[in-house]
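Participant:
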Amino acid sequence: MKIAFTTSGNGLDAPLDSRFGRAPNFLVYDLNNETFEIVDNQQNLNAAQGAGIQSAQAVARTGASAVVTGHCGPKAFRALTAAGITIYTTEAATVAAALADYQAGALVETAAADVEGHWA
Amino acid sequence: MILAVASGKGGTGKTTVSVNLARSLDVETQLLDCDVEEPNGYLFLDGEAGGSQEVTIPVPLVDAALCDGCNACGKFCEYNAIVSFGKIPVLFPEMCHGCGGCMKVCPRRAIQETDKRIGVIETMRSGNITLDYGLLDVGVAMAPPLIRAVKKRIRNNTPVILDAPPGTSCPVIAALRDVDFVLLVTEPTPFGLHDLRLAVDVTREMAIPFGVVINRLGIGDERTHDFCRKENIPILMEIPDDRGIAEAYSRGELIVDAYPEYRNLFQQLFGRILRLAQQNVTDDTSERRSNAR
Chain X
362 MKIAFTTSGN
372 GLDAPLDSRF
382 GRAPNFLVYD
392 LNNETFEIVD
402 NQQNLNAAQG
412 AGIQSAQAVA
422 RTGASAVVTG
432 HCGPKAFRAL
442 TAAGITIYTT
452 EAATVAAALA
462 DYQAGALVET
472 AAADVEGHWA
Chain G
18 MILAVASGKG
28 GTGKTTVSVN
38 LARSLDVETQ
48 LLDCDVEEPN
58 GYLFLDGEAG
68 GSQEVTIPVP
78 LVDAALCDGC
88 NACGKFCEYN
98 AIVSFGKIPV
108 LFPEMCHGCG
118 GCMKVCPRRA
128 IQETDKRIGV
138 IETMRSGNIT
148 LDYGLLDVGV
158 AMAPPLIRAV
168 KKRIRNNTPV
178 ILDAPPGTSC
188 PVIAALRDVD
198 FVLLVTEPTP
208 FGLHDLRLAV
218 DVTREMAIPF
228 GVVINRLGIG
238 DERTHDFCRK
248 ENIPILMEIP
258 DDRGIAEAYS
268 RGELIVDAYP
278 EYRNLFQQLF
288 GRILRLAQQN
298 VTDDTSERRS
308 NAR
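So the protein lines, in turn, are chains X and G.
According to the working numbering, the residues represented by the first sequence are 362 to 481, in order.
According to the working numbering, the residues represented by the second sequence are 18 to 310, in order.
1) Please name the residue, chosen from G:Phe102, G:Lys133, G:Lys104 and G:Ala191, that lies closest to glycine 117 (chain G) on a Cα-to-Cα basis.
2) Which same chain residues end up closer than 7 angstroms to leucine 153 (chain G) when comparing Cβ atoms and leaving out the 5 residues on each side of it in sequence?
3) Would you call glutamate 95 (chain G) buried or exposed, if buried means 16 or more other Cβ atoms sit within 10 Å of its Cβ?
4) What would DSSP say about alanine 23 (chain G), mapped onto helix, strand or coil?
5) Here's the rule: buried if 16 or more other CB atoms are within 10 angstroms of the residue's CB, otherwise exposed. What is aspartate 180 (chain G)?
6) Can you grab the Cα-Cα spacing for the pair valine 389 (chain X) / threonine 450 (chain X), in whole Å?
7) So, helix, strand or coil for proline 161 (chain G), using DSSP?
8) Can you give me the C-alpha to C-alpha distance between aspartate 85 (chain G) and isoleucine 105 (chain G), rounded to a whole angstrom?
9) Between which residues of its own chain and arginine 142 (chain G) is the CB-CB distance below 7 angstroms, once the five residues before and five after are set aside?
10) On the premise that valine 429 (chain X) lies in contact with phenylalanine 366 (chain X), defined as a C-beta separation below 8 angstroms, what is that separation, rounded to the nearest angstrom?
11) If threonine 423 (chain X) sits next to valine 400 (chain X), beta carbons under 8 angstroms apart, how far is it from one beta carbon to the other, in whole angstroms?
12) Where does the unbroken alpha helix (DSSP H) through aspartate 180 (chain G) begin, and where does it stop?
13) Starting from the beta carbon of asparagine 232 (chain G), find every residue of chain X whose beta carbon is closer than 9 angstroms, and list them in chain order.
14) Apart from the five residues on each side of it in sequence, which residues of its chain come closer than 6 angstroms, Cβ to Cβ, to isoleucine 19 (chain G)?
15) Which term fits leucine 60 (chain G), buried or exposed, when burial requires 16 or more other beta carbons within 10 angstroms of its beta carbon?
16) With a cut-off of 8 angstroms on the beta carbons, I'd call valine 34 (chain G) and valine 202 (chain G) a contact; round off their distance for me.
17) Which residues in chain G have a C-beta closer than 8 angstroms to the C-beta of aspartate 421 (chain X)? List them in chain order.
18) DSSP beta-bridge partners for glycine 228 (chain G)?
19) Using C-beta distances below 6 angstroms, list every residue in its chain close to arginine 280 (chain G), excluding the 5 sequence neighbours before and after it, in chain order.
20) Ordered along the chain, which non-local residues of its own chain (more than five positions away) have a Cβ less than 6 angstroms from that of phenylalanine 283 (chain G)?
21) Please report whether the beta-carbon of phenylalanine 109 (chain G) lies at a distance below 8 angstroms from any beta-carbon of chain X.
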């Protein structure tokens, strides 16, 4: 099973980015063989609108079945839910800390968007 | 003659110039308020309401029985208004620009269009003026389709004065497309000049002839005049920063009603605009039209 973490860096020690749609990178961690890959989310940083939906598509392409991030807006939430991807929000400072929380069962699945969209 | 009154900065006097100019013309004149997020030209006109028309855009409607989740629609949509994750697509109608592309690319013809209301066009008659104004519904972020709907009201046989939205983004482009002349209203302040430069860039990019009206002359500094001189931009009218004008405005009165001498000044402004627009047509119509597309 793979989990996508939002991050501004490219390693486990990197900060967990609190934004989902406009996170610079996803660190996609494979729980089975304990490896990870970095997926660039740059095109979304410049999207005027709909960054969350594009991010959800990018995560779906990685094959991840869960996302760990800081916050999730309404459009991203709908898209991720439709893709069958579970969403966890956390205030953990780094990817490694968020991963440890996940593995300890300390993260709670998000049942709804926890922030407003950026417009409308 | 289709004249657009635009500005970079908001609050420089687009509506003041539009409405006073329309009132000053001795002929039947069409006034189109394309500032659909906050149309306010009607506040300065007394008249009869002449009807209201709903404006809609087509948004997709997916037939779950036909959809096989191929996401051809999602790959096509530039605005992420529709996306499929192997099942029936998720729709975000508020993102949809109504292009109809998803319907065309769907290999199983599973997508139909349904109308989504975005606002209304209100009509009003006041003396020599027929005013049509767009009013975008609260919560709708898609102004250009409503602006285009207002512009469909353009009649060929009367002068048309189009009050454009402020700024330099999509709604402004939608308002300025295919007009004959742009009047840029500015104030002689650093703020006004900063945004005037942006508006000048847009107007030049669209290859539309233009001139400047400086409103509230007396505040700010000389830099706006210097800029126009250096860039060879005609200053077609100057309106002083006058307390009497401001007081009339605050009562919802037209300058030309409070100070009848302005009627002649606005008529002169329109004469200058006609001459400049005419010059440009004789210069090279075909090139300008093709560049503007």
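The C-beta atom is built at its ideal place from N, Cα and C for all residues, glycine as well.
Facilitator: Quick answer:
1) The shortest C-alpha separation from glycine 117 (chain G) is found at G:Lys133.
2) Excluding residues within five positions, the ones whose Cβ falls inside 7 angstroms are Val53, Glu54, Ile135, Gly136, Ala160 and Leu163.
3) Around the beta carbon of glutamate 95 (chain G), fewer than 16 other beta carbons sit within 10 angstroms, so the residue counts as exposed.
4) Strand, per DSSP.
5) The residue in question, aspartate 180 (chain G), is buried, as its Cβ has 16 or more Cβ neighbours within 10 Å.
6) Those two C-alpha atoms are separated by around 16 angstroms.
7) Assignment of proline 161 (chain G) by DSSP, reduced to helix, strand and coil, places it in the helix class.
8) Rounded to whole angstroms, aspartate 85 (chain G) to isoleucine 105 (chain G) spans 7 angstroms at the Cα level.
9) Its chain contains Gly64, Glu65 and Gly67 as the residues whose beta carbon lies nearer than 7 angstroms to that of arginine 142 (chain G), once the 5 sequence neighbours on both sides are disregarded; these appear in chain order.
10) With a contact defined as Cβ atoms closer than 8 angstroms, phenylalanine 366 (chain X) and valine 429 (chain X) qualify at about 5 angstroms.
11) That pair is a contact at about 6 angstroms.
12) Run containing aspartate 180 (chain G): none in the alpha helix (DSSP H); it sits in the beta strand (DSSP E), 177 to 180.
13) Ordered by position in chain X, no residue passes the 9 angstroms Cβ test against asparagine 232 (chain G), which lies about 31 angstroms from the chain.
14) The answer, listed in chain order, is Val177, Val196 and Asp197.
15) Flag for leucine 60 (chain G) reads exposed.
16) The Cβ separation is near 5 angstroms, so the contact holds.
17) A small correction: the amino acid at residue 421 (chain X) is alanine; aspartate does not occupy that position in the sequence shown. Under the 8 angstroms cutoff, chain G gives Phe102.
18) The partner list for glycine 228 (chain G) (beta bridge, DSSP) reads G:Leu200.
19) Around arginine 280 (chain G): Ser41 and Val273.
20) In its chain, beyond the 5 residues on either side, Asn37, Leu38 and Ser41 have a beta carbon closer than 6 angstroms to the beta carbon of phenylalanine 283 (chain G).
21) Residue-level contact check: phenylalanine 109 (chain G) touches chain X, since one or more beta carbons of chain X fall below 8 angstroms from its beta carbon.
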